[in-house]
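In the working numbering, the protein residues as written are 3 to 383.
Rendered as structure tokens:
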């Protein structure tokens with residue numbers, strides 16, 4: 003009989019990186035284990051969600067899977083309902099997807115109640131310890147939720163270090179985010195075709211910034227790096243694709259004041275699954291100028307399209323880059339070093355070697371052994 007795993011976290015039809023991770027986790031584990039997913043009926047109240055919508059409206063789903071939608075993050079009655087449901091499933095392991103302190107109170111109640119019945123079976127899969135824009139309350143909510151964990155699965159070295167400092171003596175297991183090679187819906191589309199569709203020059207160097215736009219992602223530093231990039235290549239293009247989670251006018255004003263109007267293109271909206279590949283295919287290089295991070299699905303999508311990256315030296319990002327082989331690591335919060343990293347790539351004589359190196363790196367992805375990691379988790383005290 004298969005062992006039972008109950009995953010608690012955001013899943014399809016919610017959008018975003020955490021639901022995508024759950025989809026890949028379900029897909030990777032469901033052949034070996036009996037996997038159930040306890041999902042949310044509501045993630046964030048509108049007051050706390052700066053985006054346009056929380057659910058995925060893509061025409062094409064990615065690794066869609068069944069789930070039971072029970073938890074309302076702001077309704078304690080649903081937390082106890084989730085406890086009752088999970089108890090009835092009688093799982094061998096309960097895996098909470100931890101990424102945001104906002105869910106600290108709900109996960110504190112649910113995991114705390116379940117621990118009384120499932121001693122040694124509460125796992126927290128931690129993307130980070132506190133949010134990238136942390137406040138005191140974030141630290142408090144994180145600690146009250148994670149205290150109920152019997153063991154942890156972390157996705158980066160920096161989170162592993164943080165968990166071990168907070169909870170010495172608890173078992174901590176390592177894996178990584180999957181390589182998201184799941185957006186290649188149109189394998190026949192060429193770089194030229196993609197650029198024509200989004201009205202970009204077909205013969206220029208294109209730099210891509212992709213994903214939600216928030217302060218911690220450092221887009222302003224990338225914009226401020228562009229004048230130096232243009233000294234090297236006056237025709238280079240910066241393509242910014244993503245929904246703004248903060249005031250967008252300051253970015254538009256910066257582009258205007260720096261005279262970058264002809265070199266920067268914004269696509270200021272959430273991109274459905276079926277269009278993600280269009281922007282990555284159109285690009286030459288993906289830049290993550292983050293001010294803070296643990297890891298990023300954006301990088302893993304880039305590798306899925308065999309695109310090299312420039313990342314800042316924050317959090318777990320450097321763990322995923324082989325310097326000069328799959329990309330370049332630069333100092334954070336510094337437009338000059340970001341520009342240097344971009345110029346290093348475009349100065350490379352043999353850019354095809356980056357694609358080959360990325361292919362080799364992908365084959366070593368820690369997520370490929372996720373089943374074996376879970377077997378170790380099951381066998382641990």
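Glycine included, each C-beta is placed from N, C-alpha and C at the ideal position. No experiment lies behind these values; they were computed from the predicted model shown.
A Cβ-Cβ separation of about 11 Å leaves residue 289 out of contact with residue 228 under the 8 Å criterion. Straight-line measurement puts the Cα of residue 95 at about 8 Å from the Cα of residue 380.
Here residue 327 has 359 as same chain residues with Cβ atoms under 6 Å from its own Cβ, once five neighbours each way along the sequence are excluded. Around the beta carbon of residue 129, 16 or more other beta carbons sit within 10 angstroms, so the residue counts as buried. Here residue 284 really is in contact with residue 196; their C-beta atoms are around 4 Å apart, less than 8 Å. Distance between residue 270 and residue 116, taken at the CA atoms: about 42 Å. Taking the C-beta atoms as reference points, residue 223 is found nearer than 9 Å to residue 335.
Under DSSP, residue 72 takes part in no beta bridge, so it has no partner. A distance of 9 Å or more separates the beta carbons of residue 22 and residue 281. Rounded to whole angstroms, residue 175 and residue 247 show a C-alpha spacing of 33 Å. According to the DSSP assignment, residue 97 belongs to the beta strand (DSSP E) that extends over 95-100. Annotated three-state conformation of residue 267 is strand, per DSSP. Of the residues assessed, residue 12 falls on the buried side of the cut-off, its CB having 16 or more other CB atoms within 10 angstroms.
Per DSSP, residue 3 lies in no alpha helix (DSSP H) segment and is marked neither H nor E. By the Cβ criterion, the segment 13-32 is in contact with the segment 61-78, since at least three pairs of Cβ atoms, one from each stretch, lie closer than 8 Å.
Residue 105 holds the alpha-carbon nearest to the alpha-carbon of residue 142 among 171, 354, 44, 105.
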